[in-house]
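Take a look at the structure below.
There are 4 protein chains.
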Amino acid sequence: MLEKAHKIAEQLIAWRRDIHRHPELGFQEFRTAASVAEELEALEYAVQAGIGRTGVVAERGEGKPIVAVRADMDALPIQETNDVPYASETPGVMHACGHDCHVAIALGVATLLSTESFPGTIRFLFQPAEEITDEEGLSGAPRMVEDGAMDTVDTILALHVDSSQPVGEIAIADGRVTAGVDSFRASVMGDGGHGAYPHTVVDPIHIAGHVVLAIHGIVSRRIHPGDAAVVSIGSITGGEASNVLPDGVDLSGTIRYMESNVQATLHREIERALSVAQTMGGDYTLEISTGYPPLSNHPAVVEVVKQTARDLLGHEHVASGRQEMGADDFAFFSSLAKGAMFRLGCRIEEDERKHHSPRFNVHEDCLPIGTAVLAEAALRLLGG
Amino acid sequence: MLEKAHKIAEQLIAWRRDIHRHPELGFQEFRTAASVAEELEALEYAVQAGIGRTGVVAERGEGKPIVAVRADMDALPIQETNDVPYASETPGVMHACGHDCHVAIALGVATLLSTESFPGTIRFLFQPAEEITDEEGLSGAPRMVEDGAMDTVDTILALHVDSSQPVGEIAIADGRVTAGVDSFRASVMGDGGHGAYPHTVVDPIHIAGHVVLAIHGIVSRRIHPGDAAVVSIGSITGGEASNVLPDGVDLSGTIRYMESNVQATLHREIERALSVAQTMGGDYTLEISTGYPPLSNHPAVVEVVKQTARDLLGHEHVASGRQEMGADDFAFFSSLAKGAMFRLGCRIEEDERKHHSPRFNVHEDCLPIGTAVLAEAALRLLGG
Amino acid sequence: MLEKAHKIAEQLIAWRRDIHRHPELGFQEFRTAASVAEELEALEYAVQAGIGRTGVVAERGEGKPIVAVRADMDALPIQETNDVPYASETPGVMHACGHDCHVAIALGVATLLSTESFPGTIRFLFQPAEEITDEEGLSGAPRMVEDGAMDTVDTILALHVDSSQPVGEIAIADGRVTAGVDSFRASVMGDGGHGAYPHTVVDPIHIAGHVVLAIHGIVSRRIHPGDAAVVSIGSITGGEASNVLPDGVDLSGTIRYMESNVQATLHREIERALSVAQTMGGDYTLEISTGYPPLSNHPAVVEVVKQTARDLLGHEHVASGRQEMGADDFAFFSSLAKGAMFRLGCRIEEDERKHHSPRFNVHEDCLPIGTAVLAEAALRLLGG
Amino acid sequence: MLEKAHKIAEQLIAWRRDIHRHPELGFQEFRTAASVAEELEALEYAVQAGIGRTGVVAERGEGKPIVAVRADMDALPIQETNDVPYASETPGVMHACGHDCHVAIALGVATLLSTESFPGTIRFLFQPAEEITDEEGLSGAPRMVEDGAMDTVDTILALHVDSSQPVGEIAIADGRVTAGVDSFRASVMGDGGHGAYPHTVVDPIHIAGHVVLAIHGIVSRRIHPGDAAVVSIGSITGGEASNVLPDGVDLSGTIRYMESNVQATLHREIERALSVAQTMGGDYTLEISTGYPPLSNHPAVVEVVKQTARDLLGHEHVASGRQEMGADDFAFFSSLAKGAMFRLGCRIEEDERKHHSPRFNVHEDCLPIGTAVLAEAALRLLGG
């Protein structure tokens, strides 16, 4: 299968570069989706567009089992600084997380499987908006679920390129692999006034100092040390003039967890930390928005992917991976079937490019490798 | 003298309302200054305009002693909400601190003294920009000093209306009466990154929490309890997204002191509190801007004003006043001669209006009272 | 009067050294009181012993006005390290605050006044236990008040030696001169357990960290900057083993204030700071014990003492003094009559000895100076 | 094997109760060791006493493989409050962690294996002092290693009773199972003085408040969220009098980690948190004592134990276990061979007894179960 994938390597690169040149933000992947649909129809897949707003679903085969492959399509609001012929042509938008590769690889898998015969059905989910949510707080995956994309699926596979790993390697972990994520917005409210008369006011910046330290005591003191958890305050804003104490300070932050009891504890303890504001004579508001759930890889599917990768790449090129606190909305899909996501090494040696950086790029040798592992694993899961 | 002042009460009110209707911000008091100069010339004072940019100096008499009376003329960038016939006609600008009254009263004093004969010289300093500083950080008083307004002055008097005191009373304190003020701008610098990976970043919001609490320990622990001192943080700003830790947090604040050793201690300890950022793996910048010095009333001048006020208003209507942490750039004048500033009660009973509020207003009965005390005290200091 | 005092200088030194050699703790001043009573009887004063437990009251003269002079007699539980012939002969007890001088000077005043004739009555109050309180929380002054020592007194004088001032000088301030003092005992309670399982416990040491910083924000944020106030935590104790989190942490501290509204604010805000423990899932207890009130000098009495000192010592040797946050139970006496306490310079130049240090000592030239000023001021207040 | 174990259940209970009645602290297990040696000699094991001070090693069989079974023998300095016939007869000493059971079970295993024939050698390590270290900071396991107890051992097994698990179950985890532990002692040094004059001192209790919160920010901000880590401050002590600020505050605490890079980060960051004391004008000392390393179970050995337990107890009675931050010095043994420790359920239903509590006790039905699993697993590892 690796050999077959190498034969279409130029095509994979062409797809990837075309998408890279024309990045589109979440729920606006019109050109990408149209292009994907066109290729899949040419391969004689049954294609449905407009699933989950701008998503595409394509199928081939018949009956059970149904194995799905997911690729996310959206780009990021970042201005590319790479000087390459295929650099983004859309100002301020860039594929800085490698979703262009995911689309190209999934098209590659569709190509390879279009000539295979197997029991059951292969289904492709080209997903919009993995990076952002819409006005109702939903990202692309739950929107596709709403439109039936996961109906009767038995197993779902995905990969994510990883610029911290060398090309030629994949990593896959059992169980929890990425975190659940919630976000919060809070205000610490005092009663402002002239900075020269602190005794006449309730100083919300002083109180916010206490709240910040109380929040950063939560993970240290209230969470089982073996449970992964994060509370980060990403912004703090209060006041304008040096000599006027403001009425309030606004905070926003991110919450990461692997287990729902940890999530509940974090929510409760953030509220408790903020309530120090009341104790000190002020008040607070807190609004927590639920985001993506944690992503669990199913052990049986992991085993198939691992064995596939070992067979194709050699035992020494398959790593175990570890839990990371990043999040992926693939979790919505994998909560509805047996699922697994693996990480595909794409590092440009001696010049590692960080994800979400304006210099992000991949070593394109990763494309046929990812295609082969994904195609072969899907085939094995189909029982082909 | 009180009787004489009451006789010109209508004129005082007319002046005050005219200026109130046409407020001008600091160093832009063109109309006010022109109007003041015109009145003073009509009273046959020797008038110089353009002193300290938009200030006016006027003199009458000859030789020593030289007694000065100061009135500040500038308004504030506040939209008036009072529904009075003489409300501000300039959108977004308002006499919300009573400088309109100061100008009217000083014109009243000039009127009363224009018919008196006395040894020495009376000089009026109509000052721009008490509330703000220019691009070089200087307010109206030091600008007038540069232009010679204080040359050879022996004694200088001023008053400030005070909406927390009843009409008919004045308060005057010995020694330090208002604070020295400096301002600071600081940054706490970390090394930002994704909120899900706190261990890979240096979190400046976390560090800022420590710095805020360290700063608020200074007055409690490092300053003699008998020394008045304030450090207030007026603004804190860092980060934009809930899930991205920023590179830094900006702070600004105000410093208040009565004694220069306290000022030095506050500067040193604020730097020390910020240097916690270095200890915690980050860094900081700190810029302290020197503002107005503390204002000291000269005991001998205070005694004359007090006795004058007791004679005119009765012993029970003269209060001792206390140190306040507000600042007034009259301190620049009074550091160059024997000076005293007193507070003139102007409270509207049962509806107190706070200074710097859009509803600020005064009980206009204070105008003749202030005029009488100031005129009589000046006359006594002249030896007349 | 200074001349007369110098004539008895040797006697003053002899008294002081005798008392210094035989120091006695509060309410145990048996030898000191007996010795004092004997001297006063020899001078033909009417003497009453056992007033306020171990205090002595002595009177001469008749009718009004009644002017009192107070001297405190108790020593401290400190082992003297001075190598002088008159060093303490009682192990672990020492006159380390100069009360030996106070007794000698008061005996000197009694000696000088025994040969003067004056209208009214001079009364001496030799007081026990200025440094400590008895089992009911009362020190020597209120105990003497209970026994009638202040009955019908019009004016009361006292002095305190001051090793930070040069010999030959006195300092006296108007109004508040020493602070009111309260003490507090508090516990921050959590729910202890094994240090390896912090999530199963409520960590009182973590909470105490927050409480300590909250307490040290009180003076900075909740008290008028012109009001002198102190909250100091003198002890913190919790836990024994490095790997076991305790159930609680005990704190104790001292509260200092000049005005009763400040005292009330400090009490309320300490409680508020402790209640952070409840917010964080623990609890607290707080017990505040009321100590000495603030000491106010009466302006009229201050004026007499100041003028006396200027006449005897020269204008330049009389300083204004400033508020200090130390406390003296003379405040109980001076709240019942017009009172004033002045500070008497006793510094050993180039080798300053701190009060309450095992090396404390005085320059004995201060003895006749204190005697003269006190005797003359008393005489003037008597109208003699 | 379970059946055989049940046949000796009364003997197991007798051994356990005898040891329970006669608890001995670490390195003082003279009676226990003598009793163990006697039993093992009766079973015709080759016995060596005095290994690692008071440890006992016993062997049977010949050549490779060598499989070891470890039992720790020491009790705790706790006064038992259980009212049972076999309660501790030594005041203030108690088997409150179940080591009495470990000894009884290991004797049971020795009994069962004494009648089996197998290739290789079975070795028993009866270990002193798991709970404490000697004057050189070493516990029983490293002392036995010094004396050759682990020489040529291939595989080592141990169990620990667990009162939070039901009888009839065992739990065993792969990889890291208990934490590495270090302890620290630190002082925050200021410059003490009278509590009424905070500006003249450097207040170590104030600084300690900052240090405590800085320490509790370490795990939240400086450690990978997926890495288990703990820093707990177990004691804080400074000051005696409410009105005297002390010179310093002493802290002690425990450090827990699974990976050596985490250990290094914790050491570095604790030092950094303490160095806030220098920033604030004070100083600090820090002494970190290295304790037990983390304990890793070898996957292959875990697999054998797991399979054994499933065969004997049923699949549903074998749990996976999770990482815990407690520590066990078995880690020293298992770092020198392939090792595994499992947890043996011993809960008294409806009356759970916490380890290290004076009411600790076990459901003795656990004894034959532990004996059977351990004996059978050892036999399988021997290849018998």
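Going down the list, the sequences are from chains G, W, D and B. The first sequence runs 1 to 384 under the numbering used here. The second sequence runs 1001 to 1384 under the numbering used here. The third sequence runs 2001 to 2384 under the numbering used here. The fourth sequence runs 3001 to 3384 under the numbering used here. Beta carbons: idealized from backbone N, C-alpha and C, even for Gly. Computed from a predicted structure; not experimentally measured.
Whole-number beta carbon distance between residue j and residue i, since they are thought to touch under 8 Å
{"i": "W:Gly1180", "j": "W:Met1258", "result": "7 Å"}
{"i": "B:Ile3172", "j": "B:Val3305", "result": "6 Å"}
{"i": "B:Gln3127", "j": "B:Gly3140", "result": "4 Å"}
{"i": "W:Leu1374", "j": "W:Val1109", "result": "5 Å"}
{"i": "G:Ala372", "j": "G:Ala5", "result": "4 Å"}
{"i": "W:Asp1174", "j": "W:Val1302", "result": "5 Å"}
{"i": "W:Thr1111", "j": "W:Ile1008", "result": "6 Å"}
{"i": "D:Leu2157", "j": "D:Gly2055", "result": "About 17 Å; that fails the 8 Å criterion."}
{"i": "W:Lys1164", "j": "W:Glu1352", "result": "Going by the sequence as given, residue 1164 of chain W is Ser instead of Lys. Confirmed, about 7 Å."}
{"i": "B:Ala3075", "j": "B:His3095", "result": "5 Å"}
{"i": "D:Gly2092", "j": "D:His2317", "result": "Not confirmed; about 37 Å, so no contact."}
Bridge partner(s) assigned by DSSP for residue i
{"i": "W:Ile1051", "result": "W:Gly1055"}
Beta strand (DSSP E) segment containing residue i, residue limits
{"i": "G:Gln323", "result": "Where G:Gln323 is concerned, there is no enclosing beta strand (DSSP E), given that its DSSP letter is neither H nor E."}
{"i": "B:Asp3250", "result": "Gly3248 to Tyr3257"}
{"i": "D:Phe2429", "result": "Here chain D covers residues 2001 to 2384 and nothing more, so residue 2429 of chain D does not appear."}
{"i": "W:His1160", "result": "Thr1155 to Pro1166"}
{"i": "D:Thr2121", "result": "Gly2120 to Gln2127"}
{"i": "G:Asp283", "result": "Asp283 to Thr290"}
Per-residue contacts from residue i into chain D (C-beta, under 7 Å)
{"i": "B:Arg3016", "result": "Per Cβ cutoff of 7 Å: no residues; B:Arg3016 is ~25 Å from chain D at best."}
Chain W contact residues for residue i, given Cβ-Cβ distances below 8 Å
{"i": "D:Ala2228", "result": "Pro1225 and Gly1226"}
{"i": "B:Thr3285", "result": "Here the premise fails: no neighbours, minimum Cβ distance about 16 Å."}
{"i": "G:Glu240", "result": "Gly1234 and Ser1235"}
{"i": "B:Ser3117", "result": "Neighbours of B:Ser3117 on chain W: none; closest Cβ ~54 Å, over 8 Å."}
{"i": "G:Ala179", "result": "Ala1196"}
Listed by chain order, chain G residues near residue i by CB distance under 7 Å
{"i": "W:Arg1256", "result": "Ala196"}
{"i": "D:Asp2203", "result": "Arg221"}
Partner residues on chain G for residue i, Cβ-Cβ distance less than 9 Å
{"i": "B:Gly3217", "result": "Leu213, His216, Gly217 and Ser220"}
Beta-carbon neighbours of residue i, restricted to chain D and to distances below 8 Å
{"i": "W:Arg1322", "result": "Gly2226"}
{"i": "B:Gly3314", "result": "Going along chain D, no residue has its Cβ under 8 Å from B:Gly3314, so there is no contact; the nearest lies around 30 Å."}
{"i": "B:Ser3252", "result": "Gly2239, Ala2241 and Ser2242"}
Chain G contact residues for residue i, given Cβ-Cβ distances below 8 Å
{"i": "B:Met3325", "result": "Pro225 and Gly226"}
{"i": "D:Ser2275", "result": "Thr279"}
Alpha helix (DSSP H) segment containing residue i, residue limits
{"i": "W:Gly1108", "result": "His1099 to Leu1113"}
Chain-ordered chain W contacts of residue i [CB-CB under 7 Å]
{"i": "G:His206", "result": "Val1212 and His1216"}
{"i": "G:Leu245", "result": "Ser1232 and Gly1234"}
Interface partners of residue i on chain B, CB under 9 Å
{"i": "W:His1199", "result": "Arg3221, Arg3222, Ile3223, His3224, Pro3225, Asp3227 and Thr3265"}
Per-residue contacts from residue i into chain B (C-beta, under 8 Å)
{"i": "W:Gly1281", "result": "Arg3272"}
Chain W contact residues for residue i, given Cβ-Cβ distances below 9 Å
{"i": "G:Ser187", "result": "Under the 9 Å cutoff, chain W gives no residues; its nearest Cβ is about 13 Å from G:Ser187."}
Notebook entry, point to check: Would you call the segment 2210-2224 of chain D and the segment 2320-2328 of chain D in contact, with 3 or more CB pairs under 8 Å?
Noted result: Short answer: they don't touch.
Checklist line | Touching by the beta-carbon criterion (3+ pairs, under 8 Å), the segment 2039-2048 of chain D and the segment 2057-2070 of chain D | finding: Short answer: they touch.
Check: Quick check: the segment 2337-2347 of chain D against the segment 3331-3345 of chain B, are there 3 or more CB pairs under 8 Å?
Finding: With the cut-off at 8 Å, the segment 2337-2347 of chain D and the segment 3331-3345 of chain B do not touch.
Note to self: Quick test of the definition: if touching needs 3 or more C-beta pairs under 8 Å, does the segment 3293-3301 of chain B touch the segment 3146-3153 of chain B?
What the structure shows: Touching, no.
Notebook entry, point to check: Using 8 Å as the threshold, is the segment 175-190 of chain G in touch with the segment 3284-3291 of chain B, meaning 3 or more CB pairs across them?
Noted result: Two segments are said to touch when three or more pairs of C-beta atoms, one from each, lie closer than 8 Å; by this definition the segment 175-190 of chain G does not touch the segment 3284-3291 of chain B.
Check: Should the segment 1034-1042 of chain W be regarded as contacting the segment 1061-1070 of chain W, the criterion being three or more beta carbon pairs within less than 8 Å?
Finding: No: fewer than three Cβ pairs fall under 8 Å.
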